[in-house]
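Undergrad: The listed protein sequences derive, respectively, from chains A and B.
Heads up: the first sequence runs through residues 1 to 501, numbered per this note's numbering.
Heads up: the second sequence runs through residues 1 to 219, numbered per this note's numbering.
Built from N, CA and C at the ideal position, the CB exists for glycine as well.
It should be emphasised that the depicted structure is a prediction, and the values quoted were computed from it without experimental measurement.
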Amino acid sequence: MALSELYPPYEVVRNPDRCIACRVCERQCANEVHRYDEDLKKMTADESKCVNCHRCVALCPTRALKIVKTDHCFRENENWPKETIEEIYRQAGSGGVLLSSMGNPKPYPIYWDRLLINASQVTNPSIDPLREPMETRVFLGKKPEEIHRDEAGKLLPNLPPQLELSTPILFSAMSYGSISYNAHKSLAQAARELGTCYNTGEGGLHQDFYPYGENTIVQVASGRFGVHKEYLSAGAAIEVKMGQGAKPGIGGHLPGAKIVGDVSRTRMIPEGSDAISPAPHHDIYSIEDLRQLVLSLKEVTHFEKPVIVKIAAVHNVAAIASGIARSGADIIAIDGFRGGTGAAPTRIRDNVGIPIELALAAVDQRLRDEGIRGNVSLIAGGSIRSSADVMKAILLGADAVYIATAALMALGCHLCRSCHSGKCSWGIATQRPELTQRLDPEIGAQRLVNLVTAWTHELKEMMGGMGINSIEALRGNRLMLRGVGLNEKELQILGVAHAGE
Amino acid sequence: MNKRKNASLLGKRYLGCGNEKGTIEVHETPGNALGAYLDGGRIRVFCNAQDATGDTMNAGEILIHGSVGDAAGYAMRGGAIYVQGDTGYRCGIHMKEYQDKKPVIVVGGCCGSFLGEYQAGGVILVLGIGAEDRPPVGNFCAAGMHGGIIYLRTEHLPADLPGQITAKRAGREELTKIAPLVRRFCREFGEEEEALLSSCYYALTPNTRNPYRQLYVNN
Numbered sequence: 001m002a003l004s005e006l007y008p009p010y011e012v013v014r015n016p017d018r019c020i021a022c023r024v025c026e027r028q029c030a031n032e033v034h035r036y037d038e039d040l041k042k043m044t045a046d047e048s049k050c051v052n053c054h055r056c057v058a059l060c061p062t063r064a065l066k067i068v069k070t071d072h073c074f075r076e077n078e079n080w081p082k083e084t085i086e087e088i089y090r091q092a093g094s095g096g097v098l099l100s101s102m103g104n105p106k107p108y109p110i111y112w113d114r115l116l117i118n119a120s121q122v123t124n125p126s127i128d129p130l131r132e133p134m135e136t137r138v139f140l141g142k143k144p145e146e147i148h149r150d151e152a153g154k155l156l157p158n159l160p161p162q163l164e165l166s167t168p169i170l171f172s173a174m175s176y177g178s179i180s181y182n183a184h185k186s187l188a189q190a191a192r193e194l195g196t197c198y199n200t201g202e203g204g205l206h207q208d209f210y211p212y213g214e215n216t217i218v219q220v221a222s223g224r225f226g227v228h229k230e231y232l233s234a235g236a237a238i239e240v241k242m243g244q245g246a247k248p249g250i251g252g253h254l255p256g257a258k259i260v261g262d263v264s265r266t267r268m269i270p271e272g273s274d275a276i277s278p279a280p281h282h283d284i285y286s287i288e289d290l291r292q293l294v295l296s297l298k299e300v301t302h303f304e305k306p307v308i309v310k311i312a313a314v315h316n317v318a319a320i321a322s323g324i325a326r327s328g329a330d331i332i333a334i335d336g337f338r339g340g341t342g343a344a345p346t347r348i349r350d351n352v353g354i355p356i357e358l359a360l361a362a363v364d365q366r367l368r369d370e371g372i373r374g375n376v377s378l379i380a381g382g383s384i385r386s387s388a389d390v391m392k393a394i395l396l397g398a399d400a401v402y403i404a405t406a407a408l409m410a411l412g413c414h415l416c417r418s419c420h421s422g423k424c425s426w427g428i429a430t431q432r433p434e435l436t437q438r439l440d441p442e443i444g445a446q447r448l449v450n451l452v453t454a455w456t457h458e459l460k461e462m463m464g465g466m467g468i469n470s471i472e473a474l475r476g477n478r479l480m481l482r483g484v485g486l487n488e489k490e491l492q493i494l495g496v497a498h499a500g501e
Numbered sequence: 001m002n003k004r005k006n007a008s009l010l011g012k013r014y015l016g017c018g019n020e021k022g023t024i025e026v027h028e029t030p031g032n033a034l035g036a037y038l039d040g041g042r043i044r045v046f047c048n049a050q051d052a053t054g055d056t057m058n059a060g061e062i063l064i065h066g067s068v069g070d071a072a073g074y075a076m077r078g079g080a081i082y083v084q085g086d087t088g089y090r091c092g093i094h095m096k097e098y099q100d101k102k103p104v105i106v107v108g109g110c111c112g113s114f115l116g117e118y119q120a121g122g123v124i125l126v127l128g129i130g131a132e133d134r135p136p137v138g139n140f141c142a143a144g145m146h147g148g149i150i151y152l153r154t155e156h157l158p159a160d161l162p163g164q165i166t167a168k169r170a171g172r173e174e175l176t177k178i179a180p181l182v183r184r185f186c187r188e189f190g191e192e193e194e195a196l197l198s199s200c201y202y203a204l205t206p207n208t209r210n211p212y213r214q215l216y217v218n219n
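1. Around the C-beta of residue 121 of chain B, are 16 or more other C-beta atoms found within 10 angstroms, so that it is buried, or is it exposed?
2. At least one CB of chain A closer than 8 Å to the CB of residue 215 of chain B: is that the case?
3. With H, G and I counted as helix, E and B as strand and the rest as coil, what does DSSP make of residue 1 of chain B?
4. Would you mind sorting residue 123 of chain A into buried or exposed? The rule is 16 or more other CB atoms within 10 Å of its CB.
5. From the DSSP output, in three-state form, read off residue 162 of chain A for me.
6. Would a check of beta-carbon distances place residue 229 of chain A closer than 8 Å to chain B?
7. Let's see if you can read the secondary structure: which residues bound the beta strand (DSSP E) around residue 409 of chain A?
8. Would residue 337 of chain A be called buried (16 or more neighbouring beta carbons within 10 Å of its own) or exposed?
9. My guess is that residue 29 of chain B and residue 48 of chain B are in contact by the Cβ rule of under 8 Å, so how many angstroms apart are they, rounded?
10. Output needed for residue 411 of chain A: all residues of its chain with C-beta closer than 8 Å, excluding positions within five of it in sequence on either side, in chain order.
11. With respect to the beta strand (DSSP E) encompassing residue 450 of chain A, which residues constitute its N-terminal and C-terminal limits?
12. Return the CA-CA distance between residue 65 of chain A and residue 54 of chain A, expressed in angstroms with no decimal places.
13. Evaluate contact between the region 271-283 of chain A and the region 221-230 of chain A, counting only Cβ atoms and requiring at least three cross-stretch pairs below 8 Å.
14. Between residue 335 of chain A and residue 422 of chain A, how many whole angstroms is the CB-CB distance? I'm expecting something under 8 Å.
15. From which residue to which residue does the alpha helix (DSSP H) around residue 223 of chain A run?
16. Which parts of the region 169-206 of chain B are runs of the alpha helix (DSSP H), unbroken and 4 residues or longer, counting only runs that do not cross its ends?
17. Just curious, the beta strand (DSSP E) that residue 153 of chain B is in, first and last residue?
18. Would you kindly report the start and end of the unbroken alpha helix (DSSP H) that includes residue 82 of chain A?
19. Return no unless some Cβ of chain B is closer than 8 Å to the Cβ of residue 295 of chain A.
20. Would you mind telling me which residues of chain A sit closer than 7 Å to residue 56 of chain B, beta carbon to beta carbon, in chain order?
21. Checking 8 Å against the spacing of the C-beta atoms, do residue 234 of chain A and residue 213 of chain A come in under that value?
22. Excluding sequence positions up to five away, which residues of its chain have a Cβ less than 6 Å from the Cβ of residue 227 of chain A?
23. Do residue 283 of chain A and residue 151 of chain B have their CB atoms nearer than 8 Å?
24. Which residues in chain A have a C-beta closer than 8 Å to the C-beta of residue 75 of chain B? List them in chain order.
25. Could you please tell me which residues of the region 3-32 of chain B, in chain order, have their CB closer than 8 Å to any CB of chain A?
26. Please confirm if residue 283 of chain A has its CB atom under 8 Å from at least one CB of chain B.
27. Three or more beta-carbon pairs under 8 Å between the region 340-348 of chain A and the region 98-113 of chain A, yes or no?
28. Within the region 266-349 of chain A, note down every full beta strand (DSSP E) run reaching 3 residues or more, in order along the chain.
29. For a test of your reading of the model: does the CB of residue 154 of chain B fall under 7 Å from any non-hydrogen atom of the ligand HEM? Yes or no.
30. From the beta carbon of residue 94 of chain B, is the nearest beta carbon of chain A less than 8 Å away?
31. Quick check on residue 156 of chain B: does DSSP put it in helix, strand or coil?
32. Starting from residue 23 of chain B, trace the beta strand (DSSP E) in both directions and tell me its first and last residue.
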């Protein structure tokens, strides 16, 4: 057992009456918590290694296991909670920057939970989505300001390239490398079946997934890993990653240990070499420079693909988005500070950026005020947890939303926030073959399809309740939202009235 | 695309963007992002070029009979850029190699600051012609470099090389790798091959492929 000043945060509770010492838990735990003691003829556990991923619990055939939070405690201190004290120990022991995974877990306000959706009563009757057609299809891209006709009066097709989605939900960027081949395959298959898109992240596109091109967004980030002409031409849209909600202002860093086999081939860098994405694109110092990259991407793909620019939600996000809307980009993706990540410095993840709800409302309003809302579509991401969050995002001005954490949960993620260890027992955030094989892409895809289909149905129910039969007609319709327990300033930024008004 | 001459390209951006074959000759200063995503063929420029030349280039050859602006060969993965004169800042930044893809940048004159920043692979050769009395590069050369090699034809190493870089005087083995690049340079730009090859070269290489390994602690 490792000697440490850190007491294990979880306890492995094993019911001795139920345990049959079948050793499933031992085989399933990637963190090597469980062990069979030959002398005692029973299972033992080193809970100091436990990350609370529930793999052993889920697979225990006799339900003999549960993981509980330890009640071991420090002397109570509101100013120095347990986590803070332990972080000091970790840093004093190592000199390292604290590294965490997944989204910001801190108790900041969740505005989704302070917004309520309207419904029709008596007048403007509601619609039954089971009987009447409800349009959830959306088209993302720049909308022309004028229509032109030829001499015979026929419309001249001047529509810039659009990303057509059957539902306003896309899978957001997760690179091959941060997640496994089978996780990517699940996302690709599900995106195709659902008529939406998944996103390669900055890890290149595995050769096997080129056939899913119509349902793929290919990402270009500062490291340009795996970026070449064929890759850019393969997808339905190209995303320029300027920022990520979980770690605004800093780059990415996939350690060399994860650059193995196919990951190395797909990123097109040698095995064992660190994959470093610098914090900025070193050729972008202004909106004009961004425009140059956007247009060069369009040039090389013959102006056939919409270009998305993804930014983290930060303080002056509205002004930034206003610039991007003039950069030639077709779509702006805004990622809020609760967005997930495979690894980010804890302090950045937990303290940098702003909530997506406020950022989205501010951007939509700014673009409308400037008369350029039609220049771009907006995708909102950064902790969309349910169809209600999707609906509220659309009502605040989003054309569509990105989901990733929720998608990973559909694949089995139990949010243990240990992705950066590379030992995901569920076979998602790992490249170890014995772990990745645990995720069956057929089952994974089906579970993703189930989730998004269920959410889409719930969206239709909510739309029907409001008496509105298309997503396009709901976008930015803030009259359909009311705030509860929000102050004047928050209501003003969100552009909604208080409940009862 | 066939070999063509075009006299009305002054300042035009994205020339040869994504080209896969053929030769383009440019006789008036082209705009930014010349040969971006270049995938083959050749671009020959008979004057100076501007910023982002050969951005994310994958294959082919860009030959510049003049100087070039900032960020030439950004994230370049294959092919070659030969510059007769000088380059601006951040030349060869984030250059990388993979298997048979080994990008090359050869600069006749000097480079601005941040040459080979984050370099992960490939070869940068700076000849420093006319700057024999000083380092042929600006500040922060090889900052964050974790792969590939930079050759400098000089007797004056930059004073601020980062800790993870090893600078070694090029021996016979390195010179056999430098020779074909110098030969190609001289054939294009008419310099004296013998004189250039008989000079002193330094080879800069990173001593780790994982420069940030010790930085983090799991939380």
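TA: According to the structure data:
1. buried
2. True, the Cβ-Cβ gap to chain A drops below 8 Å.
3. The pLDDT assigned to residue 1 of chain B is 43, lower than 50, so where the model puts this residue is not dependable, and the model offers no usable value.
4. exposed
5. Assigned with DSSP and collapsed to three states, residue 162 of chain A falls in coil, not helix or strand.
6. Output row for residue 229 of chain A: interface = yes.
7. Counting along the chain, residue 409 of chain A falls outside any beta strand (DSSP E), though it belongs to the alpha helix (DSSP H) covering 405-410.
8. buried
9. 6 Å
10. 183, 186, 426, 428, 439, 444, 447 and 448
11. Residue range 441-466 is occupied by the alpha helix (DSSP H) that includes residue 450 of chain A, with no beta strand (DSSP E) assigned at that position.
12. Roughly 9 Å between the two C-alpha positions.
13. yes
14. That belief does not hold up - the Cβ atoms of residue 335 of chain A and residue 422 of chain A are roughly 23 Å apart, past 8 Å.
15. Note, residue 223 of chain A: premise wrong, no alpha helix (DSSP H); not H, not E.
16. 172-189 and 193-197
17. For residue 153 of chain B, the enclosing beta strand (DSSP E) starts and ends at 147-153.
18. It spans 82-94 - the alpha helix (DSSP H) in which residue 82 of chain A sits, taken as one unbroken run.
19. yes
20. At a C-beta separation below 7 Å, residue 56 of chain B has these neighbours in chain A: 224 and 227.
21. yes
22. 220
23. no
24. At a C-beta separation below 8 Å, residue 75 of chain B has these neighbours in chain A: 223, 224 and 227.
25. 13, 14, 17, 18, 20 and 32
26. yes
27. yes
28. 275-277, 307-312 and 331-335
29. Absence of the ligand HEM from the depicted structure is noted, as is the absence of any ligand whatsoever, leaving it without description.
30. yes
31. coil
32. 23-26
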